[in-house]
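Some notes on the structure that comes next.
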Amino acid sequence: MQTRRTVAPASPLTQSRRIVVKVGSALLVDDATGRLNRAWLETLTEDLVRLRKRGQEIILVSSGAIALGRRHLGLAPGALRLEESQAAAAVGQIRLAHAYKELFEAHGVTVAQVLLTLEDSERRRRYLNARATLRGLLALGALPVINENDTVATAEIRYGDNDRLAARVAQMASADCVLLLSDVDGLYTADPRKNAGATFIDRVPRVTAAIEAMAGAAVSDVGSGGMATKIAAAKIALSAGAHLCIAAGAHKNPVRRIEDGARCTWFVPQGNPVTARKQWIAGTLKPSGALVVDEGARRALRTGKSLLPAGVVRAQGRFDRGDTVSVLAPDGREFARGIAAYSDSDVVRIMGRKTREIAELLGFRGRDEMIHRDDLVMLGGEAGE
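All residue numbers for the sequence shown refer to my numbering, where the first residue is 35 and numbers rise by one.
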């Protein structure tokens with residue numbers, strides 16, 4: 035008789051449309067041999083392929099490049115100098131990428147390597163470019179595998195851990211859920227290795243000073259993160275409207291174990307990624323410029339559509355791609371606000387024109403929308419009037 039596997043009801047993991055999964059070095063690389071833990075990685079691959087088959091989009095943030103590379107370079111155990119870390123990352127990254135390619139392609143899944151630095155999430159233009167790349171890869175059915183670009187990142191311009199990188203990626207990609215697979219099974223009131231009376235916390239609705247005080251230091255020789263970085267990641271994820279889970283990942287099929295109810299800590303946001311993004315847009319104190327639209331465009335926006343170039347009649351002010359702009363009705367009243375996909379100079383060249391004309395007018399193929407509906411918020415009760 036076959037045993038039926040039960041899935042925890044209403045889990046953020048099963049309900050999320052887009053999930054960021056972060057894998058720590060201690061899980062990927064055997065601490066004693068410095069070799070890739072391939073048998074475990076095969077079971078993680080099975081988990082992620084299963085999620086994709088049920089319609090969920092997956093982004094994998096993977097550590098392990100430095101830990102893999104240092105063995106091949108014969109670097110001694112212990113802390114590495116910056117140049118040693120960069121060299122180890124260069125050697126290890128190609129091996130890690132090859133392993134992911136081989137394992138996922140066996141299931142018919144195309145993987146894409148994306149290397150990011152801190153500046154890619156802090157500088158507006160680079161953030162927008164990285165965001166567009168991730169969205170494009172997901173739309174084409176690829177599975178992005180992301181790591182920090184340790185080969186070029188210096189101490190001043192690096193995340194230093196992949197917990198916060200995963201949360202930034204979730205923010206960038208408007209993900210609903212972040213899974214931090216690590217060597218700990220969640221958050222405790224104190225370090226359980228040092229305090230037998232530490233109490234496990236399974237749900238955190240808000241990151242308070244008391245929650246932050248529970249964080250300890252890194253405990254793995256091959257990883258750079260600890261509970262403190264996971265709490266910092268949770269703050270980023272919650273502000274972006276994404277759930278975040280801290281769970282033990284050393285077991286086989288670690289994602290399935292979470293679905294089956296394995297102990298873990300969930301950080302629960304007050305809204306969702308779209309709500310959080312739109313609250314940020316609506317709260318912009320001073321939009322950089324404005325787009326005046328015709329009545330047809332105004333009606334379309336009220337029904338949840340994106341703003342197309344054909345509906346724009348005038349641009350006001352100076353703004354760049356990625357700036358927040360006001361959307362004005364024909365009478366000059368601001369009724370919406372959004373993130374512009376084009377600069378004011380490009381808007382002037384394509385406004386009033388069809389989407390298919392954009393490439394010819396600008397000399398490059400940009401977005402079809404002047405403002406995408408996910409980047410647009412209606413003001414003053416306009417939506418659905």
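Note that CB positions come from ideal geometry on N, CA and C, so glycine has one too.
Residue i (DSSP reduced to helix, strand or coil)
{"i": "K56", "result": "strand"}
{"i": "F234", "result": "strand"}
{"i": "S254", "result": "Summary for S254: the model assigns pLDDT 42, below 50, so the residue's position carries little reliability, and this model does not support an answer."}
{"i": "A311", "result": "The amino acid occupying residue 311 in the given sequence is Arg; Ala does not appear at that position. Helix at R311."}
{"i": "L215", "result": "strand"}
{"i": "Q304", "result": "coil"}
{"i": "A267", "result": "helix"}
{"i": "V241", "result": "coil"}
{"i": "H277", "result": "strand"}
{"i": "L172", "result": "helix"}
{"i": "T151", "result": "coil"}
{"i": "L114", "result": "coil"}
{"i": "A282", "result": "strand"}
{"i": "T48", "result": "helix"}
{"i": "T16", "result": "Lying before the first or after the last residue shown, residue 16 is absent from the chain, which here runs from 35 to 419."}
{"i": "T389", "result": "helix"}
{"i": "S119", "result": "helix"}
{"i": "G330", "result": "helix"}
{"i": "S377", "result": "coil"}
{"i": "A249", "result": "coil"}
{"i": "G400", "result": "coil"}
{"i": "G260", "result": "coil"}
{"i": "K228", "result": "coil"}
{"i": "R159", "result": "helix"}
Assigned exposure category for residue i - 16 Cβ within 10 Å defines buried
{"i": "S59", "result": "buried"}
{"i": "K286", "result": "exposed"}
{"i": "S216", "result": "buried"}
{"i": "D365", "result": "exposed"}
{"i": "G345", "result": "buried"}
{"i": "R52", "result": "buried"}
{"i": "T358", "result": "buried"}
{"i": "D197", "result": "buried"}
{"i": "L214", "result": "buried"}
{"i": "H132", "result": "exposed"}
{"i": "F353", "result": "buried"}
{"i": "A281", "result": "buried"}
{"i": "I373", "result": "buried"}
{"i": "L107", "result": "exposed"}
{"i": "S379", "result": "exposed"}
{"i": "N493", "result": "Look at the range of the chain in this structure, 35 to 419, and you will see that residue 493 is not part of it."}
{"i": "R297", "result": "exposed"}
{"i": "E182", "result": "buried"}
{"i": "V382", "result": "exposed"}
{"i": "T233", "result": "exposed"}
{"i": "G317", "result": "exposed"}
Inter-residue Cα distance where the pair is residue i and residue j
{"i": "S377", "j": "I384", "result": "11 Å"}
{"i": "M248", "j": "E368", "result": "46 Å"}
{"i": "A204", "j": "F398", "result": "28 Å"}
{"i": "L342", "j": "E403", "result": "5 Å"}
{"i": "L272", "j": "P303", "result": "5 Å"}
{"i": "Q90", "j": "K320", "result": "37 Å"}
{"i": "N163", "j": "G231", "result": "48 Å"}
{"i": "T48", "j": "G103", "result": "35 Å"}
{"i": "S50", "j": "N71", "result": "28 Å"}
{"i": "L61", "j": "L278", "result": "19 Å"}
{"i": "V145", "j": "A99", "result": "17 Å"}
{"i": "I92", "j": "G338", "result": "26 Å"}
{"i": "A42", "j": "A331", "result": "Any reading at A42 needs caution, since the residue's pLDDT is 44, under 50, leaving its predicted position unreliable; the model's value is listed next. Near 44 Å, if we compare the C-alpha coordinates of A331 and A42."}
{"i": "Q127", "j": "A274", "result": "29 Å"}
{"i": "G170", "j": "D294", "result": "32 Å"}
{"i": "D65", "j": "R165", "result": "34 Å"}
{"i": "G31", "j": "A101", "result": "Because residue 31 is not part of the residues shown, which for the chain are 35 to 419, the question remains open."}
{"i": "E246", "j": "C211", "result": "21 Å"}
{"i": "I191", "j": "K269", "result": "Its pLDDT being 42, under 50, I191 is placed unreliably by the model, and the measurement read from it follows with that caveat. Straight-line Cα distance between these residues: approximately 20 Å."}
Where the beta strand (DSSP E) containing residue i begins and where it ends
{"i": "F369", "result": "E368 to I373"}
{"i": "E91", "result": "E91 to S96"}
{"i": "N181", "result": "L177 to E182"}
{"i": "V143", "result": "Taken as a continuous stretch (DSSP letters only), V143 belongs to no beta strand (DSSP E), as it is neither H nor E."}
{"i": "L410", "result": "L410 to M412"}
Beta bridge counterpart(s) of residue i as assigned by DSSP
{"i": "A324", "result": "Q350 and S360"}
{"i": "Y222", "result": "F234"}
{"i": "I405", "result": "L341"}
{"i": "L70", "result": "V63"}
{"i": "T79", "result": "Note: T79 sits in no beta bridge, so no partner."}
{"i": "T299", "result": "I280"}
Where the alpha helix (DSSP H) through residue i begins and ends
{"i": "I100", "result": "A99 to L107"}
{"i": "E293", "result": "P288 to E293"}
{"i": "L199", "result": "N196 to A207"}
{"i": "L319", "result": "Premise fails: L319 is in no alpha helix (DSSP H) and is neither H nor E."}
Distance cut-off 6 Å: residue i Cβ against heavy atoms of the ligand MG
{"i": "N229", "result": "The model depicted lacks the ligand MG and carries no ligand whatsoever."}
Within-7 Å CB hit, residue i to chain D
{"i": "L75", "result": "In the structure shown, chain D does not exist; there is a single protein chain."}
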